[in-house]
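K.L.:
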Amino acid sequence: KKGDFDHFMKKEIHEQPGSLTTSMRGRLKNGIVGLGGLKDHMRTIRRSRRIIFIGCGTSYHAALAARPIMEELTDVPVTMEIASDMLDRKALIFKEDTAVFVSQSGETADTLHALEYALENGALCLGVTNTVGSTLARKTHCGVHINAGCEIGVASTKAYTCQIVVMVMIALAIGSDKLSTLAKREAIIAGLTKLPEQVRDVLKLDGEMKVLAQSLIDEQSLLMFGRGNNYATALEGALKVKEVALMHSEGMLAGEMKHGPLALVDEHLPIIVIATQDDSFSKQQSVIQQLHARKGRLIVMCSKGDASLVCPDGRSRVIEVPQVADCLQPIINIIPLQLLAYHLTVLRGYDVDQPRNLAKSVTTQ
Ligand code: F6R
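Residue numbers (the UniProt record's numbering): 313 to 677.
1. Report the rounded CA-to-CA distance for P329 versus V477, giving the unit in angstroms.
2. Taking Cβ to Cβ, would you say A587 is nearer than 8 Å to M613?
3. Alpha carbon to alpha carbon, how far is S468 from M569? Give it in angstroms, no decimals.
4. Using DSSP's beta-bridge definition, name the partner residues of K341.
5. Can you give me the Cβ contacts of T493 inside the same chain, cut-off strictly under 8 Å, excluding the 5 residues immediately before and after it?
6. Hey, could you find the ends of the beta strand (DSSP E) residue 269 is sitting in?
7. Is the distance from the Cβ of P648 to the Cβ of V514 below 8 Å?
8. Would you mind stating whether I464 and F320 have Cβ atoms separated by less than 8 Å?
9. Taking only the alpha-carbon atoms, compute the straight-line gap between L581 and C437 and give it to the nearest angstrom.
10. Output yes if chain C places a C-beta closer than 8 Å to the C-beta of I583; else output no.
11. Specify the secondary structure class of M382 as computed by DSSP and reduced to three states.
12. Could you check the C-alpha separation between C368 and D638 for me, to the nearest Å?
13. Sort G348, F317, E632, Q416 by Cα distance to Y372 and report the nearest one.
14. Mapping DSSP to helix, strand and coil, what is M392?
15. Would you mind giving the Cβ-Cβ distance between G439 and T452, rounded to the nearest angstrom? I have them listed as a contact below 8 Å.
16. Taking the alpha helix (DSSP H) that C474 falls in, what are its first and last residues?
17. Does DSSP put C454 in a helix, a strand or coil?
18. According to DSSP, is D409 helix, strand or coil?
19. Could you check if residue 280 belongs to the surroundings of the ligand F6R, using beta carbon to heavy atom distance under 7 Å?
20. If we call anything under 8 Å between Cβ atoms a contact, is L376 one with M392?
21. Look at the alpha carbon of K595 and the alpha carbon of M382, and state the distance between them as a whole number of angstroms.
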């Protein structure tokens, strides 16, 4: 049932205005976020000493994207765990912790084992999943379904953006008892309402991303630099490129650039820099300058109208996207990178929906 689309991945990328609408449906009423699945546990969550996000792959990246707003609105420290690493380290987890498990399928073995471990240690366990009746949904104490609709392409796309939206709504709900952030929360809720329309807008970059993909088909490697709210965008964009286009790609924290990766920069290696407007914009501008100084081959993602700010001499390629609330920007910014990964894959002649060696749901450890 791919309809007018050649592949599920493309269909699912283009479904995002609708899937995001469904994710939010019935949950934003009169400026208040209502999440039925959490309300009985809200007191415990607010009092927890720490929130731990746990997941694998794209689901982990979605949690990473939501981490800054979760910390800001809840005033609870948020730490991140990749499920397998948490188990390898037997990481410390306490009954005063709220552990948030993120999984599209709700059946990922590593995530489910980490869940068992957190339950044994007495943490409150919250699930964020796309799959009603999944093991994750059944075994957690409480949770929220993302309602993205069935995702068939092995590469997760619409589930990623819906996961972020749901975690932003969870942050809004937990933080709703704080007067100090009222204006911020209202602005985010207004932003959520407009988001599907802006996603529709950014999807118009499809043709432009195909042209960009054409210029990159023979490359060995592609770097992506992000920071702050968009560190996750860099990691997730690179994961999409490596898993479907079978091209080496690495997402990096731009703040780490001088601590090693800068040595890779030359006039050949393509580098995508995410520099949309938010608190870290000026830092990203200086990253761009430093990369220019080393003759880096840059592709800069910026907010609409900022092309001359991010690339005054017109030497880099620019991807302009609509500007939205800081915490929602990762949802917009990943879409051109999903499209780029899709087109790179098709142009390189690989199987988009069923990449070699991968399975949709990883049920073994
Ligand atoms: C990448 C991808 C994987 C999954 C990971 C976790 O596109 O799909 O990285 O995100 O295997 O799967 P879930 O979310 O089902 O736990």
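Every residue gets a Cβ at the ideal spot worked out from N, C-alpha and C, and that includes glycine.
Bear in mind the structure is a predicted one, so any value in this text is a computation, not a measurement.
P.N.:
Answer, in terms of the structure:
1. Residue 329 sits at position 17 when you count from the first residue of the sequence shown. Residue 477 sits at position 165 when you count from the first residue of the sequence shown. Our two residues, P329 and V477, have alpha carbons roughly 12 Å apart in a direct line.
2. Within the sequence shown, the letter at position 275 stands for residue 587. Within the sequence shown, the letter at position 301 stands for residue 613. At the C-beta level, A587 and M613 come within 8 Å of one another.
3. Looking up residue 569 in the sequence shown gives position 257. Looking up residue 468 in the sequence shown gives position 156. Approximately 28 Å, taken between the alpha carbons.
4. Working through the sequence shown from its first residue, we reach residue 341 at position 29. According to DSSP, K341 bridges with I344.
5. By one-based count along the sequence shown, residue 493 stands at place 181. Within its own chain, the residues whose Cβ lies closer than 8 Å to the Cβ of T493, once the five positions on either side in sequence are excluded, are E384, L385, G487, listed in chain order.
6. No answer is possible for residue 269: the residues shown for the chain start at 313 and end at 677.
7. In the sequence shown, the residue the question calls residue 648 occupies position 336. In the sequence shown, the residue the question calls residue 514 occupies position 202. P648 places its beta carbon less than 8 Å from that of V514.
8. Position 152 of the sequence shown, counted from the start, is the residue given in the question as residue 464. Position 8 of the sequence shown, counted from the start, is the residue given in the question as residue 320. Going by C-beta atoms, I464 is nearer than 8 Å to F320.
9. On the sequence shown, residue 581 is found 269 positions in, with the first residue counted as 1. On the sequence shown, residue 437 is found 125 positions in, with the first residue counted as 1. One C-alpha to the other measures close to 43 Å.
10. In the displayed structure, chain C is absent; only one protein chain is listed.
11. Start at 1 with the first residue of the sequence shown, and residue 382 comes out as number 70. For M382, the three-state secondary structure derived from DSSP is helix.
12. Within the sequence shown, the letter at position 56 stands for residue 368. Within the sequence shown, the letter at position 326 stands for residue 638. CA-to-CA, the gap between C368 and D638 works out to about 24 Å.
13. Counted from its first residue, the sequence shown places residue 372 at position 60. Checking every option, the nearest Cα to that of Y372 belongs to Q416.
14. As a position in the sequence shown, residue 392 is number 80, starting the count at 1. M392: strand per DSSP, three-state reduction.
15. The count along the sequence shown starts at 1 and reaches residue 439 at position 127. The count along the sequence shown starts at 1 and reaches residue 452 at position 140. Yes, they are in contact, since the Cβ atoms of G439 and T452 sit about 4 Å apart, within 8 Å.
16. Within the sequence shown, numbered from 1, the residue matching residue 474 stands at position 162. Where C474 is concerned, the enclosing alpha helix (DSSP H) stretches over 470 to 486.
17. Against the sequence shown, residue 454 aligns to sequence position 142. DSSP places C454 in strand when its eight states are reduced to three.
18. Numbered from 1 along the sequence shown, position 97 holds the residue referred to as residue 409. It is a strand residue.
19. The question about residue 280 has no answer, for the chain in this structure spans 313 to 677.
20. On the sequence shown, position 64 is the one that residue 376 refers to. On the sequence shown, position 80 is the one that residue 392 refers to. Yes. Within cutoff.
21. Counted from its first residue, the sequence shown places residue 595 at position 283. Counted from its first residue, the sequence shown places residue 382 at position 70. Rounded to whole angstroms, K595 and M382 show a C-alpha spacing of 23 Å.
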